[in-house]
Amino acid sequence: MNKTIRRTAVFVLLLVFSLLIRATWVQFYEGRALADNKDNRRLVMEQYAQPLGNIIVAGDAITASKRTTGSDLAYKRTYKDGALYAAVTGYSSQVYGATQLEGVYRDLLDGTDTQLKNPLDVITNKRAAPGDVVTTIDPDVQKAAYEALGDKKGAAVAIDPSSGKILGVVSTPSYDPGTISGTGDGAAWQKLTKDTDKPLVNRALRQPLPPGSTFKLVVAAAALEDGLYSSVDERTVSPNPYTLPLTNRDLSNENPSAPCENASIRVALQYSCNNVFAKMAVDLGQDKVRAMAEKFGFNDAARDVPVRAYESVYPKDMDKAQTALSGIGQFDVTATPLQMAMVSAAIANGGKLVSPHMVDRTSDAEGNVIEDYGSKTSTREIVSSSTAGQLQSAMRTVVEKGTGTNARISGATVGGKTGTAQHGENNSQTPYAWFTSYAKSDSTGKEVAVAVIVEQSDAARSEVSGNGLAAPVAKAMMTAALLKD
């Protein structure tokens, strides 16, 4: 073979080799990248090629799938009592994607999760039958919250303190996810996204707002754990009026005639004395208050239940006046209803916080358990059992003869804390009404912890209070959880 032919042959072989490499690259790398591209229509077609798995509440599916006509997407998602459970399920839309549990478990629900496949399915890439998501939601608690909130703008969360199971998650105004599940729902989508009441926002998990006086429970816990005060019945050093440090501004109390001067923690919670807890936060210092807040779950940007909950915040780098305001749940303190329910749950559970979760387990099409979330919970000691017991007692005083009397339940021991948080510059807008509480059945010993926020209602501004607006919602939820027929 002469030199020219040999060089040509080598060059041709290199070209063939390059083509083989390129073909392999396209098939095994770029092919997979294209297959996984979110804009690939085939992905959506595959997702909705068969009925989706279901989200389960108390043994019943609250989701289903419906055969479509005139579309290359064979099935679309439907919902039973969609508005009631929207804050739990989220939506699964052929156009707008998936949120909440629908989004977290999309692969499980459409059968593409590798956990659903046997070894042969993995090799052949065969799509498995879809799995199901079994929630911890109690339908009676969910319905009680939804009906009690009614046309108010607000949210509520209920937790079983001993297990961490989330029994109810409600956000109002709500929406029906089924109205945006298909391909021709653009008008419904535009209406929802342009609604100033923001029905697509999950207020229970994803809208932190100033918690107002409900945060006083965190400050009281810090004071007792630190030893600043040894008992909820020890008199505090709390002048009334209390002048905010570095200012000439006096901090007022909602009830000017309340016995707030040097009041004990019990009395200060009973009458919601701002002077006591503002002074207490300054005496402790922001670092100690923050440390306690973070033990309860504040400043945690990775709170998954398993839906990602937005961070509740206790701020840093405050001056003493700002620290005082933080002690009454104002300045830049924010919390979700989930967070404030966690505070009451830890207090009710003897100072121990069990990680909250609203999924009990996931299963395959035959009902075999894939993941058991109940067995994966973690428990952290937030405060000592002594501190928890004292706070429980003080919270009972709030309900029995303080600012939370609308939460009293016959046949149950109830403790709570009201809150009315300022809204807008100089409190120019309608305040937020809060209530956080726990209840224990006198006959069965069953417990529940609840937090409720009412952002807006038809009540006159002068009638806005945690006791007037939020406590009745909490009472309805606690009654549904504890006093079943």
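Numbered by our numbering, the letters in the sequence shown go through residues 87 to 571 in order. The beta-carbon is built from N, C-alpha and C at its ideal position, and this holds for glycine as well.
DSSP beta-bridge partners of residue i
i      : result
THR565 : Paired residues: none, contrary to the question.
GLY501 : TYR524
THR329 : ASP336
LYS162 : LYS152
SER350 : ARG321
GLY240 : THR258 and VAL540
ILE245 : ILE252 and ALA535
THR282 : Answer is none; THR282 lacks a bridge partner.
Neighbour-count burial assignment, residue i, 16 or more Cβ in a 10 Å radius
i      : result
LEU105 : exposed
GLN356 : buried
ILE414 : buried
GLU320 : exposed
PHE301 : buried
THR90  : exposed
VAL393 : buried
LYS487 : exposed
ALA273 : exposed
ASP196 : buried
ILE107 : exposed
ARG376 : buried
ARG466 : exposed
ARG93  : exposed
LEU101 : exposed
LEU99  : exposed
ALA434 : buried
8 Å CB neighbourhood of residue i in its chain, flanking five on each side removed
i      : result
GLU311 : MET378, VAL469, SER470 and THR473
ALA432 : PRO247, PHE382, LYS438, LEU439, ILE468, VAL469 and ALA474
GLN416 : PRO296, GLY298, ALA507 and GLN508
SER495 : Before going on, a small fix: residue 495 reads as Ile here, not Ser. If we look at ILE495 and ignore the five residues flanking it on each side, its Cβ neighbours are ALA525, LYS561, MET564, THR565, LEU568 and LEU569.
GLY270 : none
ASN140 : ALA147, ILE148, THR149, ALA150, LEU195, ASP218 and VAL219
GLY502 : SER430, MET481, VAL484, VAL485, GLY490, ALA493, PHE521, THR522, SER523, TYR524, ALA557 and ALA560
ASP336 : PRO327, TYR328, THR329 and LEU330
Residue i, DSSP secondary structure in three states
i      : result
ASP418 : coil
GLN180 : coil
SER157 : coil
THR322 : coil
GLU457 : strand
VAL559 : helix
TYR518 : strand
GLN136 : coil
GLN594 : Lying before the first or after the last residue shown, residue 594 is absent from the chain, which here runs from 87 to 571.
ALA215 : coil
ALA395 : strand
THR506 : strand
ILE468 : coil
SER299 : helix
ILE223 : coil
LYS251 : strand
ALA119 : No answer about ALA119 holds up, because its pLDDT of 49 lies below 50 and its placement is not dependable.
THR265 : helix
VAL143 : strand
LEU314 : coil
THR483 : helix
THR448 : strand
VAL287 : coil
ASP167 : coil
LYS402 : coil
ARG108 : helix
ASN360 : helix
ARG494 : coil
THR94  : helix
Close beta carbons around residue i, own chain, < 6 Å, minus the five adjacent residues each side
i      : result
VAL243 : VAL255, ALA290, PRO423, LEU424, ALA427 and ALA537
GLY168 : ASP262, PRO263 and GLY264
GLY117 : Caution is warranted here: a pLDDT of 48 is assigned to GLY117, below 50, making its placement in the model unreliable, and the coordinate value is therefore given only provisionally. Here the set comprises nothing.
ALA306 : ILE351
SER527 : ALA498 and LEU568
VAL540 : LYS238, GLY240, ALA519, LEU555 and ALA556
ALA72  : Residue 72 lies beyond the range of the chain shown here (87 to 571); nothing can be said about it.
Proximity test, residue i beta-carbon vs the ligand ATP heavy atom, cut-off 7 Å
i      : result
VAL318 : For the structure depicted, the ligand ATP is absent and the ligand set is empty, with no information on it obtainable.
Residues near residue i by beta carbon distance below 7 Å, same chain, minus five either side
i      : result
TYR182 : ILE266 and TRP275
ASN341 : TYR357
VAL362 : THR322, SER324, CYS346, ALA349 and ALA354
Touch test, the stretch 242-261 against the stretch 276-293, Cβ-Cβ under 8 Å, three pairs minimum: yes
Cβ pair count under 8 Å reaching 3, the stretch 270-289 against the stretch 300-315: no
Any 3 or more C-beta pairs closer than 8 Å across the stretch 451-469 and the stretch 211-227: yes
Sufficient close CB pairs (3 or more, under 8 Å) joining the stretch 222-230 to the stretch 518-531: no
Inter-stretch contact (C-beta, 8 Å, three-pair minimum) for the stretch 140-154 and the stretch 163-177: yes
Cβ contact (3+ pairs, closer than 8 Å) linking the stretch 328-342 and the stretch 456-464: no
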